[in-house]
Amino acid sequence: MKYIDLHTHSNYSDGTCSPAELVKRASDNGLSAFALTDHDSVAGIDDAIKAVNEQNAPLKFIPGTELSVGYKSSDIHIVGLFINHHDKAFNEMSKMIIQRRTDRNNEMIRRFNDAGIPITIEELTNSNPETVVTRAHFARWLVDHNVVKTPNDAFDKYLDTNSKFYVPREYITPEEGIDIIRKSGGIAILAHPLHYKLEEKELESLIGRLKDAGLSGIEVMYSNHIGQDEAYVRKLANKFDLLPSGGSDFHGANKPAIDIGKGRGNLAIPYEYLKNLADACGHTL
1430 MKYIDLHTHS
1440 NYSDGTCSPA
1450 ELVKRASDNG
1460 LSAFALTDHD
1470 SVAGIDDAIK
1480 AVNEQNAPLK
1490 FIPGTELSVG
1500 YKSSDIHIVG
1510 LFINHHDKAF
1520 NEMSKMIIQR
1530 RTDRNNEMIR
1540 RFNDAGIPIT
1550 IEELTNSNPE
1560 TVVTRAHFAR
1570 WLVDHNVVKT
1580 PNDAFDKYLD
1590 TNSKFYVPRE
1600 YITPEEGIDI
1610 IRKSGGIAIL
1620 AHPLHYKLEE
1630 KELESLIGRL
1640 KDAGLSGIEV
1650 MYSNHIGQDE
1660 AYVRKLANKF
1670 DLLPSGGSDF
1680 HGANKPAIDI
1690 GKGRGNLAIP
1700 YEYLKNLADA
1710 CGHTL
């Protein structure tokens, strides 16, 4: 049986592994294929492709991204797989989204600095200007500098939406996100649908809206699923005629309990998922 992972992050967003380190870890864990899906960015894809070409294991690499799109007062995440990461329109959209993140992050840094907490952008990015900074970077800084004990403490005390340090982001719409993924040759998948903690009726309404906009898949298998979660999302996939996908949401040391391809130890995403997704968007594996 061949296994895959279609949701991972590198240090080009809020993971701690380089794309090359991700490739090695995926290969060491016996995966047949994996996707790099950094937040709103495709900057690490060329590094990953180079690393795959340089290593000998039979590992397929899928270029991807995870777009944050607006939903009510918050956001949801759309994974795009088989992205043409050199597509001009996609990269222009990515730059716009990242600039909005940058503006938001600079304002959050200013608020922390004004409160005597000396966060700098250089420390958040580890001096890599390509890094897409998320709240996870702020949380890690706060832990590393002994302001809080755990990342959860950081979110509860400093990064929650009700905190004075929190700055809301300006998002693209779900329809815009799905459209740009499809126009760049990719296939759009709703990431971790239970993460948003929506009531069943609202979640189904959202999925119906996304399906009408061109959504093709949904993450049926995911690291944080417990109990009947997977069966419930599989039921949603069948109801809305969406292809199943799956991923660990690997972030390296930022989520130390989750390993690439294995999640919390029991994740096993079948290669068939990838084959069906590739067929649906006209890609040959």
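1605 is the number that the working numbering gives to position 176 of the sequence shown; each next residue is one higher, with no gaps. For each residue, glycine too, the CB sits at the ideal point set by N, CA and C.
Smallest Cα separation from residue i: which of the options?
| i | options | result |
| --- | --- | --- |
| Gly1692 | Asn1458, Gly1614, Lys1453, Pro1448 | Asn1458 |
| Ser1502 | Thr1494, Asn1591, Val1508, Trp1570 | Asn1591 |
| Glu1605 | Met1430, Thr1531, Tyr1625, Ala1642 | Ala1642 |
| Thr1494 | Gly1711, Ala1480, Pro1547, Asn1513 | Asn1513 |
| Asn1705 | Pro1673, Ile1478, Ile1687 | Pro1673 |
| Lys1489 | His1438, Val1576, Ser1456 | Ser1456 |
| Tyr1595 | Asn1667, Leu1644, Asp1532 | Asp1532 |
| Arg1529 | Val1471, Val1577, Tyr1600, Ala1486 | Tyr1600 |
| Met1537 | Thr1445, Arg1611, Arg1598 | Arg1598 |
| Asp1504 | Asn1534, Asn1535, Thr1602, Leu1671 | Thr1602 |
| Ser1652 | Asp1688, Thr1563, Val1508 | Asp1688 |
| Asn1683 | Leu1465, Asn1534, Pro1580, Gly1473 | Pro1580 |
| Leu1588 | Asn1575, His1574, Glu1648, Ala1565 | Ala1565 |
| Gly1637 | Gly1473, His1680, Pro1558, Asn1667 | Asn1667 |
| Asp1669 | Leu1632, Tyr1700, Gln1657 | Reading off the sequence shown, one finds Phe at residue 1669, where the question assumed Asp. Of Leu1632, Tyr1700, Gln1657, the residue nearest in Cα terms is Leu1632. |
| Lys1593 | Tyr1500, Arg1539, Leu1623 | Arg1539 |
| Ser1497 | Ala1709, Thr1563, Glu1701 | Thr1563 |
| Asp1467 | His1515, Glu1628, Phe1679 | Phe1679 |
| Val1508 | Lys1578, Cys1446, Ala1617 | Ala1617 |
| Asp1516 | Tyr1625, Gly1444, Glu1559, Arg1611 | Arg1611 |
| Pro1699 | Met1650, Pro1622, Lys1586, Lys1578 | Met1650 |
| Val1471 | Gly1499, Ser1634, Glu1521, Pro1547 | Glu1521 |
| Ile1548 | Ala1620, His1574, Ala1709, Glu1559 | His1574 |
Can you tell me whether DSSP reads residue i as helix, strand or coil?
| i | result |
| --- | --- |
| Asp1457 | helix |
| Ala1697 | coil |
| Ile1507 | strand |
| Ser1497 | strand |
| Lys1578 | coil |
| Lys1489 | strand |
| Ile1526 | helix |
| Leu1465 | strand |
| Ile1546 | coil |
| Thr1563 | coil |
| Ile1538 | helix |
| Asp1708 | helix |
| Asp1445 | Residue identity check: residue 1445 is Thr in the sequence provided, not Asp. Here Thr1445 sits in coil by DSSP. |
| Ile1512 | coil |
| Thr1437 | strand |
Thinking residue i and residue j are a contact (beta carbons under 8 angstroms), I'd like their distance in whole angstroms, please.
| i | j | result |
| --- | --- | --- |
| Val1561 | Asp1469 | 6 angstroms |
| His1712 | Phe1584 | With 8 angstroms as the limit, His1712 and Phe1584 do not qualify as a contact, their Cβ atoms being about 37 angstroms apart. |
| Ala1486 | Pro1448 | Not confirmed; about 15 angstroms, so no contact. |
| Ser1677 | Asp1434 | 5 angstroms |
| Leu1639 | Ile1607 | 7 angstroms |
| Gly1656 | Tyr1432 | Rounded, the Cβ-Cβ distance is 22 angstroms, inconsistent with contact. |
| Tyr1702 | Gly1681 | Not a contact, Cβ separation roughly 23 angstroms. |
| Leu1465 | Pro1492 | 7 angstroms |
| Ser1613 | Phe1519 | 4 angstroms |
| Ile1647 | Leu1671 | 5 angstroms |
Worksheet item: Counting only runs that start and end within the segment 1587-1641, where is the beta strand (DSSP E) found for 3 or more residues in a row?
Response: The qualifying runs are 1616-1619.
Discussion item. To test your reading of the DSSP string, which unbroken beta strand (DSSP E) runs of 3 or more residues are found completely within the segment 1636-1688?
Written reply: With a minimum length of 3 residues, the unbroken runs of beta strand (DSSP E) contained wholly in the segment 1636-1688 fall at 1646-1651, 1672-1676.
Practice prompt. Count the C-beta pairs between the segment 1648-1667 and the segment 1532-1547 that are closer than 8 angstroms, then say yes if the count reaches three, no if not.
Written response: No, they do not touch.
Practice prompt. Count the CB pairs spanning the segment 1509-1525 and the segment 1443-1462 that are closer than 8 angstroms, and state whether there are at least three.
Written response: Output reads no: the segment 1443-1462 does not touch the segment 1509-1525.
Fill in: Any 3 or more C-beta pairs closer than 8 angstroms across the segment 1563-1579 and the segment 1547-1554
As far as the Cβ criterion goes, the segment 1563-1579 touches the segment 1547-1554, which means the pair count is three or higher.
Item to complete: Say whether the segment 1434-1444 touches the segment 1479-1488, bearing in mind that this needs 3 or more beta-carbon pairs closer than 8 angstroms, one atom from each stretch.
Response: Of all C-beta pairs linking the segment 1434-1444 to the segment 1479-1488, fewer than three are shorter than 8 angstroms, placing the two stretches out of contact.
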